[in-house]
Amino acid sequence: MILSFWTLFWGLSVLDKIIPDVHFLWVGKDFFALFVKFFGSLGLSDPLFATLALAAVSGLEAVNFTFYVAAMMRNLQRNEEATDRWFFRAILTSLVLFTLFSIADQVFGDRFQLLEHSLFWMVLIGAWWGFNALHPDADEPRALPQKAMLRRAVALGSALTLVVCVSVSGFSSRTFSNADAPVHGTEVVEGVYKFDFPFLADKRVLEATIATFREEHPELEITYIYTGPSELNSKKKTHLLLYIFAE
2 MILSFWTLFW GLSVLDKIIP DVHFLWVGKD FFALFVKFFG SLGLSDPLFA
52 TLALAAVSGL EAVNFTFYVA AMMRNLQRNE EATDRWFFRA ILTSLVLFTL
102 FSIADQVFGD RFQLLEHSLF WMVLIGAWWG FNALHPDADE PRALPQKAML
152 RRAVALGSAL TLVVCVSVSG FSSRTFSNAD APVHGTEVVE GVYKFDFPFL
202 ADKRVLEATI ATFREEHPEL EITYIYTGPS ELNSKKKTHL LLYIFAE
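For the sequence shown, counting from 1, position 8 maps to 9 in my numbering; every step adds exactly one.
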């Protein structure tokens, strides 16, 4: 279970670097925009820095994921010694990654991510301890679960998986149009228009919204755009308010 969790965790993390945008049943994180923002805060506005950093992080995570896959394959082959060896390499690489992430969080001043990465660092130590405590030795016979308990576990897991899949699929079907549909605003005061962006809205929605506003108000000229509580699509696909000042 521990090995399966971390293999899935790092696999999804690598996939998140490859697919940053919003797709059906998938909400990616725009790491390139985030890295550009981080390096820009240090006065390094050239996107080359963000590109190289993102490539390096993605490469390290891919190598780390490979270690977990190797440990999983050896575990399926009942090779306990090789499983322990590959899982140790994977845990060690993960600790190095989260250490680098924590250092970067301090440099860029991202306190929330610093807390998150520090917690993951400690969770990895606990996972290694739990894996060794629960993992049988090579000469220890493997105890098979009782058939009745196994059937109940499979039935419960299948039911929970089905419920989650139906819920996620239904939510995505109802809200996926928000990923590229323009938002129509209201004039709160003279010359100021407010746009309430829904969940999943990203830069494509921003571009479509501004283009639609210009088509609907050709007599107006946009003088200023304000977003709150933060920049759009810099970290997560969350709620955002857009204000357009026009005259």
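The C-beta atom is built at its ideal place from N, Cα and C for all residues, glycine as well. Values in this document were obtained by computation on a predicted structure and should not be read as measured data.
What first and last residue would you give for the alpha helix (DSSP H) that runs through residue i?
i	result
Leu120	112-135
Leu45	Here Leu45 belongs to no alpha helix (DSSP H), and DSSP marks it neither H nor E.
Phe102	81-109
Phe177	Careful: Phe177 lies outside any alpha helix (DSSP H) and carries neither H nor E.
Asp203	First-last for Asp203: undefined, no H or E at that position.
Asp17	3-19
Excluding the five sequence neighbours on either side, which residues of its own chain have a C-beta within less than 7 Å of the C-beta of residue i, listed in chain order?
i	result
Phe32	Lys18, Pro21, Leu55
Asp106	Gln114, Leu115, His118
Val37	Pro48, Ala51
Please classify residue i: is it buried, with 16 or more other beta-carbons within 10 angstroms of its beta-carbon, or exposed?
i	result
Trp130	exposed
Thr1	With the chain running from 2 to 248 in the structure shown, residue 1 is simply not present.
Leu98	buried
Phe214	buried
Pro219	exposed
Leu35	buried
Thr8	buried
Tyr225	exposed
Leu207	buried
Asn234	Its pLDDT being 45, under 50, Asn234 is placed unreliably in this model, and the coordinates cannot settle the point.
Thr176	exposed
Asn133	exposed
Phe198	buried
How about residue i and residue j: are their beta carbons less than 7 Å apart?
i	j	result
Met73	Leu4	yes
Leu125	Ile92	yes
Trp122	Asn65	no
Arg205	Asp181	yes
Ser1	Glu62	A question about residue 1 goes unanswered here, because the residues of the chain that appear run from 2 up to 248.
Phe40	Ala57	no
Val184	Phe172	no
Phe68	Trp87	yes
Gly192	Ala128	no
Asp203	Val70	no
Give me, in chain order, the residues of the same chain whose beta-carbon lies closer than 8 Å to that of residue i; leave out the 5 immediate sequence neighbours on both sides.
i	result
Thr228	Leu241, Leu242, Leu243, Tyr244
Phe102	Gln114, His118
Go to residue i, then tell me how far its beta strand (DSSP E) extends in each direction, as first and last residue.
i	result
Asp197	193-198
Leu243	241-247
Val189	187-190
Go through its chain and collect everything with a Cβ distance to residue i's Cβ below 6 Å, but skip five positions before and after it.
i	result
Tyr194	Gly186, Glu188, Ile245
Lys236	The pLDDT assigned to Lys236 is 46, lower than 50, so where the model puts this residue is not dependable, and the model offers no usable value.
Ser59	Lys18
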